[in-house]
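Asks:
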Amino acid sequence: MQEKTSFTSKLGFVLAAAGSAVGLGNLWRFPYLAAKYGGGTFLFIYLIVAISFGFTLMLTEIAIGRKTGMSAVNAYHALDKRFTFIGYLSALVPIIIFPYYCVIGGWVVKYLTVYLSGMAKPAAGDSYFTNFISGTSQPLLFLLIFIALTSVIVAMGVEKGVEKFSKILMPFLVILSIGIAIYVMTIPGAMNGVIYYLKPDFSKISLNAILAALGQLFYSMSLAMGIMITYGSYMKKEDDLESSVTQIEIFDTGIAFISGLIIIPAVFAFSGGDESALNSGAGLMFITLPKVFANMKMGGILGGAFFFLVFFAALTSSISLMETIVSIIKEKTGFSRITVCILVFVISLIMAIPSSLGYGLLSGIQLLGLSILDFFDFISNSLLMPIVALFTCFVVGHIVGPKLVIDEVENSGSFKRKKLYIIIIKYIAPLFLLAILISSILNTFGVISL
Ligand code: TRP
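Positions 222 to 671 (my numbering) are the ones given, in order, by the sequence shown.
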């Protein structure tokens, strides 16, 4: 990127990184994974991987960015020429994620319009969501709206303005979510959900749950795709790195936690304790929340406000996803911003259409037993990101040495978890990532069954 700017304060850096990190991953993806993989069990695994792997990887990426002052492709090249491919691999991740992210973003726009037009009650119906996503023209229309909106903002280069706006709206999202969570807990039957969500059952820990938690960690914290390297390159040399990472993590995990605290107890309350309702997967947020709002006084307005805030969080994340793709292509081709934006818009739209139709017209198509959207989600989160993370740990741990990162951290403050960092980056993370990757690939191709 030519316009080398830097953040003016540590708080500015933390909020910008958190703004990119907090999006549909926290509000939509975390709760449905937690519901699917055992509630408290998943929460427990997630917290462990967040404070170990999440901390280590985010610190590493931001330090690499600040040290080299470059974006991912060039930064890996600067560390060691033989590993330039990791930079390219990490650039592939947002290209896969962005299209289907916009499909979900479209669903959010749909629900926003539903609430704005006062249709809170019908939206709470059992098959409302399924009918919507299995359609053809409606989901495509809302996908088009969301992706076009993102593209226009990125093309005009006004994303900084939008980000400022999101910094004002984000606190409202937190307050509104906490309020809704408290309300949900007063609904009869919800407490069983709270217990399910908070109490780990260690007999339910499975390799699949660990893989899902790890994939969610990468996705939610925008790791293993070069974004945090870019953010790090904008960070001031004197700002404390370790505490910045801790704050971003607390913010990101906190919002995911609250979102789960709304959705899972609500599922329990409205399904009459039928746990199979927890498996409705990707649609959980769109099926359960409307029921909550339909039961609340002023639920129509609250629902509208809630989906508006979710829409904004999703938009700021999709903007930074697209911005990443655009800046890589611009750097490599030298085309103008507008040309690249049109190109990315068209290609992403074409890539997104199958994901959108995968719940209706194309529902016969299953890839590795998954719907098309879930397939893209799996390829990026459970395959590519662990591979990028594995190589990052290997390069930093054993090729250039952790000293590079440690010096960068200590240049701007103390490094309290230094010993832990060294052990994780050198041994624990690579071993774990490798084991998980191999078993997940073998499982995918049916060699073993988890
Ligand atoms: N972390 C974002 C979320 O939780 C999604 C995301 C993944 C993202 N990669 C990104 C956002 C890159 C911005 C940039 O929804």
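In this text, a Cβ means the ideal position worked out from N, Cα and C, and glycines have one as well.
If you're wondering where the values come from, they're calculated on a predicted model, not measured in any experiment.
Are there 16 or more other CB atoms within 10 angstroms of the CB of residue 587, so buried, or fewer, so exposed?
Replies: It counts as exposed.
Asks: If I follow the unbroken alpha helix (DSSP H) through residue 298, where does it start and stop?
Replies: 293 to 300
Asks: How big is the Cα-Cα spacing for residue 488 and residue 574?
Replies: Taking the straight line from one Cα to the other gives about 30 angstroms.
Asks: Grab me the residues of residue 512's own chain with a C-beta within less than 6 angstroms of its C-beta, minus the 5 sequence neighbours each way, in chain order.
Replies: If we look at residue 512 and ignore the five residues flanking it on each side, its Cβ neighbours are 345 and 491.
Asks: Go through its chain and collect everything with a Cβ distance to residue 263's Cβ below 7 angstroms, but skip five positions before and after it.
Replies: 254, 255, 430 and 434
Asks: Taking one C-beta from the segment 319 to 327 and one from the segment 361 to 381 each time, how about it: are there three or more such pairs within less than 8 angstroms?
Replies: The segment 319 to 327, when compared against the segment 361 to 381, does touch it at the 8 angstroms Cβ threshold.
Asks: Which value, in whole angstroms, describes the spacing of the CA atoms of residue 566 and residue 549?
Replies: Roughly 15 angstroms separates the two Cα atoms.
Asks: Could you compute how far the alpha carbon of residue 330 sits from the alpha carbon of residue 563?
Replies: 22 angstroms
Asks: If you compare alpha carbons, which of 613, 578 and 409 is closest to residue 516?
Replies: If we check each option's Cα against that of residue 516, 409 comes out closest.
Asks: If I measure Cβ to Cβ from residue 446 and keep anything under 6 angstroms in the same chain, skipping five residues before and after, which residues do I get?
Replies: 311, 314 and 315
Asks: At 3 residues or longer, and completely inside the segment 481 to 563: list those beta strand (DSSP E) runs for me, N to C.
Replies: none
Asks: Can you have a look at residue 401 and say buried or exposed, based on whether 16 or more other CB atoms are within 10 angstroms of its CB?
Replies: buried
Asks: Enumerate in chain order the residues of its own chain whose CB-to-CB distance from residue 650 is below 7 angstroms, with the five nearest sequence positions on each side excluded.
Replies: 274, 277 and 614
Asks: Since residue 600 and residue 576 are thought to touch, with beta carbons under 8 angstroms apart, how far apart are those beta carbons, to the nearest angstrom?
Replies: That belief does not hold up - the Cβ atoms of residue 600 and residue 576 are roughly 12 angstroms apart, past 8 angstroms.
Asks: Please classify residue 442 as buried or exposed, where buried requires at least 16 neighbouring CB atoms within 10 angstroms.
Replies: buried
Asks: With a CB to CB cut of under 6 angstroms and the five nearest residues on each side skipped, what residues in its chain are close to residue 440?
Replies: 246 and 602
Asks: Between the alpha carbons of residue 533 and residue 299, how many angstroms are there, rounded?
Replies: 36 angstroms
Asks: Residue 416 to residue 304, Cα distance in whole Å?
Replies: C-alpha separation (whole angstroms): 46 angstroms.
Asks: Just to check, is the beta-carbon of residue 252 closer than 8 angstroms to a non-hydrogen atom of ligand 1?
Replies: no
Asks: So residue 483 packs on residue 531, CB below 8 angstroms; how close in whole Å?
Replies: Wrong, their Cβ atoms sit about 11 angstroms apart, outside the cutoff.
Asks: For residue 582, which of helix, strand or coil comes out of DSSP?
Replies: coil
Asks: Considering only DSSP beta bridges, list what residue 588 is partnered with.
Replies: 591
Asks: For residue 232, which residues from the same chain have a beta carbon less than 7 angstroms from its beta carbon, with the 5 sequence-adjacent residues on both sides left out?
Replies: Taken in chain order, the list of residues that qualify is empty.
Asks: Determine the direct distance from the alpha carbon of residue 624 to that of residue 634, and round the result to whole angstroms.
Replies: 15 angstroms
Asks: Hey, out of 664, 626 and 396, whose CA is closest to residue 285's CA?
Replies: Closest option to residue 285, Cα to Cα, is 626.
Asks: Hey, how far is the Cα of residue 659 from the Cα of residue 427?
Replies: The straight-line gap from Cα to Cα measures roughly 15 angstroms.
Asks: Just to confirm, are residue 390 and residue 261 a CB contact at a threshold of 9 angstroms?
Replies: no
Asks: Going by other Cβ atoms of all chains shown within 10 Å of its Cβ, with 16 needed for buried, is residue 585 buried or exposed?
Replies: exposed
Asks: Kindly indicate the opening and closing residues of the alpha helix (DSSP H) around residue 601.
Replies: That residue, residue 601, is in no alpha helix (DSSP H); it is neither H nor E in DSSP.
Asks: Cα-Cα, which of 522, 456, 568 and 422 is closest to residue 338?
Replies: Answer by Cα proximity: 522.
Asks: Put residue 401 into one of helix, strand or coil per three-state DSSP.
Replies: helix
Asks: Relative to the C-alpha of residue 582, which candidate in 252, 453 and 358 has its C-alpha closest?
Replies: 358
Asks: Does at least one heavy atom of ligand 1 sit under 8 angstroms from the Cβ of residue 404?
Replies: Residue 404 Cβ: outside cutoff for every heavy atom of ligand 1.
Asks: Report the CB separation of residue 169 from residue 546 in whole angstroms; it is logged as a contact under 8 angstroms.
Replies: Nothing about residue 169 can be read from this structure; the chain reaches only from 222 to 671.
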